[in-house]
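Taking it in order: structure first as structure tokens, then the write-up.
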Amino acid sequence: MALGGGVLLFNSLYTLLPASQQKLNSNFFTYLCFFAGVVFTFILTLAIQSCTPRALHTCDPIGTVAQHSKPHTHSIKYGTLPNNHQQVTDRNDYFLIGIQTAIAICIHKFPEGLIMFVSNQSSSELGLSVAAAIIIHNFIEGFLIALPLYYATDSRLSAFGYASFLGGMSQPLGAILGLCVIRNVEAAEEQLLFGMIFGVVSGMMCLIAIQVLYLRNEQ
């Protein structure tokens, strides 16, 4: 997880942010866009936590397994009986955690699709660099979605299907948005638009790397 966060953070600060400065030709507007992305992502994270608190506060599949794998029994006069209801509840909990995590990550991944499309339109080298960083980042996010779903369903195929669909459907939507935005934009305005998008998304990706990856890895 720390590896994915480090790659994402490095790409944001040393690839997207300089590209934004080059397009805008202004440090003030570059950092204004950067911190606008930071503030927007922070507000978005708070909204996600309020709507799906378990997705971000209890999505520690390994720790959760350790907590819920303890045997639960009911005492009766002649001995003890296993509590099978607890096992069913645990599976439902894992499924809920996986779905909520997928929703939270899907929202965060939307601007990644946008920046992949825009960066590739600006420069093939820049687009390849951004795509490589996001691929590593997506590997970690897919793991976070799939693991609790695997414990819930006992099926690798089902966990893979849920993680692939829920975790991957937002990036193409972001790319489609980028196509719609730049379709009718003039060349001069296109450079300004690219610079603003690079700056905003750089701030968003930096905060995502710190909040979602580094802080969770520390936990």
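Numbered by the UniProt record's numbering, the letters in the sequence shown go through residues 1 to 219 in order. Idealized CB from N, CA, C, for every residue including glycine.
Alpha-carbon to alpha-carbon, residue j and residue i
i: Leu56; j: Met196; result: Since pLDDT at Leu56 reaches only 43, below the 50 mark, its modelled position is unreliable, and the value read off the structure follows with that caveat. In a straight line, the C-alpha of Leu56 is about 29 Å away from that of Met196.
i: Leu128; j: Gln211; result: 25 Å
i: Leu114; j: Ala175; result: 5 Å
i: Asp60; j: Ala47; result: Because the pLDDT of Asp60 is 44, which lies under 50, any placement of that residue in the model is unreliable, and the number read from its coordinates should be weighed accordingly. Going from the Cα of Asp60 to the Cα of Ala47 covers about 20 Å.
i: Tyr150; j: Arg156; result: 6 Å
i: Gln121; j: Asn138; result: 21 Å
i: Gln171; j: Val39; result: 21 Å
i: Cys180; j: Ile107; result: 19 Å
i: Ile145; j: Leu173; result: 19 Å
i: Met116; j: Lys109; result: 11 Å
i: Leu30; j: Leu24; result: For the record, residue 30 in the displayed sequence is Thr; it is not Leu. If I take the Cα positions, the gap works out to 7 Å.
i: Glu112; j: Ile134; result: 7 Å
i: Glu190; j: Thr41; result: 24 Å
i: Ala131; j: Leu16; result: 12 Å
i: Gly37; j: Ala163; result: 26 Å
i: Ile105; j: Phe165; result: 12 Å
i: Asn27; j: Ala159; result: 45 Å
Integer Cβ distance of residue i from residue j, believed to fall under 8 Å
i: Glu141; j: Gly161; result: Not really, about 16 Å apart at Cβ, beyond 8 Å.
i: Val118; j: Gly178; result: 5 Å
i: Met204; j: Leu8; result: About 10 Å; that fails the 8 Å criterion.
i: Leu193; j: Ile182; result: 7 Å
i: Ser20; j: Cys33; result: 6 Å
Residue i - DSSP class collapsed to helix/strand/coil
i: Val185; result: coil
i: Met169; result: coil
i: Asn25; result: coil
i: Ser129; result: helix
i: Leu16; result: helix
i: Ser155; result: coil
i: Ser123; result: coil
i: Gly199; result: helix
i: Ile135; result: helix
i: Phe117; result: helix
heavy atom of the ligand COA below 7 Å from residue i C-beta
i: Leu166; result: Looking at this structure, you won't find the ligand COA or any other ligand, since it has none at all.
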